[in-house]
Amino acid sequence: MGKPEDGEKKILSKKLKDVEISVPIVYGNAAFWLGKKASEYQSHKWTVYVRGATNEDLGVVIKRAVFQLHSSFNNPTRVVEAPPFELSEAGWGEFEIAITLYFHSDVSDKPLNLYHHLKLYPEDESGPMSTKKPVVVELYDEIVFPEPSESFASRVQNHPVVSFPRLPAGFTLPPPVPAEDASRKRRGDTKDHPLSQWFLNFSEADELLQLAAARQQVQAHIAKLRRQISMIDGQHQQSKSVSDQ
Amino acid sequence: MDAKDILGLPKNVHPLTQEKKSRPQKDSQRKPDGISREVYALTGGVPPLMPSVDTSQLKKRPPTDEKVTWQWLPFTNSARKDNLQLYHWVRVVNGVPPTGDYSFAKYNKSVDVVRYTDEEYEKFLTDPMWTKDETDQLFDFCERFDLRFIVIADRFPSSRTVEELKDRYYSVSRAILVARAPSPGDVSGNPLVKEPYNVSQERERKRALSMVLSQTKQQERKDAEVIAEAKRITESRMVAQSADEPELPVASNSGLENAEKAIVLGDNVSPSSNAQLPSAAVSPSTLIADNALTLASLRMLRVYLRTYALDQMIQAASSSAGLRTIKRVEQTLQDLGVNLKPRVPTKAVCSEHLELRKEILTLLNLQKQLQYKEAEGSSFRDSPYETPGTPKDRMFIPDSMSFGGERVGKRDQKRKAPGRLTEAPSSPAQSKRPRKLKASDL
């Protein structure tokens, strides 16, 4: 992805108010136990990654990802300049990995930090460890860009990696900048990723259903409490009028 | 040979009990002998903070030319006036017992209380509030009780406050000191002269202290609430100000507009700060203002995570609620089987989650109201079996129960069953009725 020319950048850096672009991502790690090949310091092979929630190419938004490993690793600061943003290592210990995401210049000049606690050992420790099935920990989140620049918006308007809002009426975006096509040729998505069979599913619908059910219960309860309160109020009036007599 | 071999464990079992620390540096300095690898890895090769004694030092024997014996010897204590003779064990080196005073005698400290003569009293110390006899008595007590004024006040024959006693003692001492000094400059550095005892300030200090200490929990909580509210208002004003800044070039020619904004903001916020009743904690207008301000501050970040935004919104929405209420909201969420933090925090999920939290807040407020009314009602009817139980216990159990009955699996219901038993006897009639309805609904 080339740097946009300066003049162009100035024109296109206009902000879109009341528009919010969000990029659904999943970040986490998959760890395989090495079994017989495990040594004292290298018992697991693991991969930490930031991927699109639907495994689309994050390269349109993210320029670079920096993984900060534990200081006992050689070169603990690992820079990944192109998608997929992932890093594989071998080790025996769990620790927190700080992931700093840098964005393309028209997206945001500020980086974003993610923190992931590397997980190698299965939750229930009594279970036997298997070399076939990895330990996978993933978190769903969304990178939100409030008031994105016009150039960014037009660039990703029809890109599957972003959830693009409906534009306010009367809003038109300039046609996409052609420079973007070049980066598209390189495969940065994680659809055929060797680990993809282990990726977790994040269903928004399930979550919404659960919340809707909970809200229904709470609302029913509120209604019932209101009835009870008004009933008591009625009783008070009665007893008051009785005591007045 | 390692621990696993000794215990006869199979080799292929992974050492799960092993410290899950990251791998230690390979190129670090060699670890000293006698320290296990794990322990050394924890320090990371950094020198210890505590000074350590070389182990070879510990075994060193004292010089052999000394012959130490312990003897039962008599001693006198210079701190005593009765010359009482007691015995104790003494360390005797080479047959020579230690000389000098009893080593604990130096701890017998006494206060130097100034004494005055009759002429001095007549000349410098007369006070219409105090007779000479009373003053003499005070000074005797001061010496006897080492200036412990609380004790002195307790034993004093006439009723004088601690402040009065202190004032008399210090003013007399000061007057004597000044009168006896050859020139005023000689005693100007003396603490008695330099920092005279201030009765009125001392009285005020004690009054304020007792006021603070006698405050009830409720008053304290109210104060904390007011302070938190004030903090929130100043913060929101600051955010509003900085949010307005980008538009300043446009608005700068009309300062009136800004002033108006500030007034409007103030109006929005003030109702909740005036609200004293905890039941009216969350008024809708402040909620909307909160949201707008949170959104404004988020916008300034240019990029953020959805979960971060959700956290901020939750905080803003519950800023006027107490810590206990927030805990209760979370407990209710758990009872409903809802994740405290959404697993798939999309925009829609987050807004639903926020709405749910707000509804729960409303629910809790209504419960509080109902409880209050029930208590009021029972006092109306004056029937003994309907006195309200402890608020905390009753408020929540019926609810979590009905939630559990409706939604959560059997296992959870079982877990909650004891709550029903303990709660039943104190429960008033009103809250029983709806639960029966509920059972039939199922």
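Note that the protein sequences, when read in sequence, are chains A and B. Note that full-length UniProt numbering numbers the first sequence so that position 104 is 104, with each residue one more than the last. Note that full-length UniProt numbering numbers the second sequence so that position 319 is 319, with each residue one more than the last. Just so it is clear, CB atoms sit at the ideal spot from N, CA and C, and this is done for glycine as well. Predicted model only: the values in this text are computed from it and were never measured.
Asked: Sequence-distant residues of the same chain with beta carbon closer than 6 Å to B:V68, five excluded per side; Found: V93
Asked: Any chain A beta carbon closer than 8 Å to B:L340; Found: no
Asked: Any C-beta of chain B under 8 Å from that of A:P4; Found: Caution is warranted here: a pLDDT of 45 is assigned to A:P4, below 50, making its placement in the model unreliable, and the coordinate value is therefore given only provisionally. Taking Cβ atoms only, chain B never reaches closer than 8 Å to A:P4, which makes this a no.
Asked: Status (buried if at least 16 other CB within 10 Å, exposed otherwise) for B:N365; Found: buried
Asked: Contacts that residue 474 of chain B makes with chain A (C-beta to C-beta distance below 9 Å); Found: Any answer about residue 474 of chain B is impossible in this case: the structure gives chain B only from 1 up to 442.
Asked: Contact set between the region 205-217 of chain B and chain A, restricted to residues whose Cβ is under 9 Å from the partner; Found: none
Asked: The alpha helix (DSSP H) enclosing A:F73, as first and last residue numbers; Found: Counting along the chain, A:F73 falls outside any alpha helix (DSSP H), and DSSP gives it neither H nor E.
Asked: Nearest-angstrom beta carbon gap, B:H353 and B:L310 [assumed within contact, 8 Å]; Found: 7 Å
Asked: Beta carbon proximity, A:H117 to chain B, threshold 8 Å; Found: no
Asked: Runs of beta strand (DSSP E) lying entirely within the region 102-130 of chain B, each at least 3 residues, in chain order; Found: none
Asked: Stretch-stretch touch, CB-based, cutoff 8 Å, three pairs: the region 120-131 of chain B with the region 168-177 of chain B; Found: yes
Asked: Segments of 4+ residues assigned as alpha helix (DSSP H) that fall wholly inside the region 209-250 of chain B; Found: 217-244
Asked: Distance, B:Y87 Cα to B:V96 Cα; Found: 17 Å
Asked: Distance between A:F152 and A:K191 (C-alpha atoms, nearest Å); Found: 24 Å
Asked: Unbroken beta strand (DSSP E) run spanning A:P24, endpoints; Found: E20 to W33
Asked: Reference B:E66, options B:T43, B:R91 and B:S78, closest by Cα; Found: B:R91
Asked: Cα-Cα separation between B:S242 and B:L42, rounded to whole angstroms; Found: 47 Å
Asked: Contacting residues, own chain, Cβ-Cβ under 8 Å from B:N291 (five flanking each side not counted); Found: M313, A316 and A317
Asked: N-terminal and C-terminal residue of the beta strand (DSSP E) that A:D141 is part of; Found: V135 to P146
Asked: Chain A contact residues for B:T362, given Cβ-Cβ distances below 7 Å; Found: I222
Asked: Closer than 7 Å: B:K358 CB and nearest the ligand MG heavy atom; Found: Ligands are entirely absent from the displayed structure, and the ligand MG is therefore not among its contents.
Asked: Cα-Cα separation between A:V66 and A:I99, rounded to whole angstroms; Found: 6 Å
Asked: Boundaries (first-last residue) of the alpha helix (DSSP H) holding B:G185; Found: P184 to V187
Asked: Neighbour-count burial assignment, A:Q217, 16 or more Cβ in a 10 Å radius; Found: buried
Asked: Beta-carbon neighbours of B:L366, restricted to chain A and to distances below 8 Å; Found: I222, L225, R226 and I229
Asked: Where the beta strand (DSSP E) through A:R64 begins and ends; Found: I62 to Q68
Asked: Proximity test, Cβ basis, 8 Å: A:F164 and chain B; Found: no
Asked: Partners in chain B for A:Y140, counting only beta-carbon separations shorter than 8 Å; Found: R343, V344 and P345
Asked: Contacts that A:F202 makes with chain B (C-beta to C-beta distance below 8 Å); Found: R343 and V344
Asked: Rounded straight-line distance, which links the Cα of B:I227 to that of B:S254; Found: Low confidence applies to B:S254: its pLDDT is 42, below 50, so where it sits in the model is not reliable enough to give any reading.
Asked: Best match in A:P146, A:G188 and A:Q228 for proximity to A:V161 [C-alpha to C-alpha]; Found: A:G188
Asked: Inside the region 208-241 of chain A only - beta strand (DSSP E) runs reaching at least 3 residues; Found: none
Asked: Interface flag, A:D181 vs chain B, CB-CB below 8 Å; Found: Note on A:D181: pLDDT 46, under 50, position unreliable in the model; no value is reported.
Asked: Cα-Cα separation, B:T131 to B:K106; Found: 37 Å
Asked: For A:H221 and B:L356, the rounded distance between their alpha carbons; Found: 13 Å
Asked: Per-residue contacts from A:F103 into chain B (C-beta, under 8 Å); Found: V303
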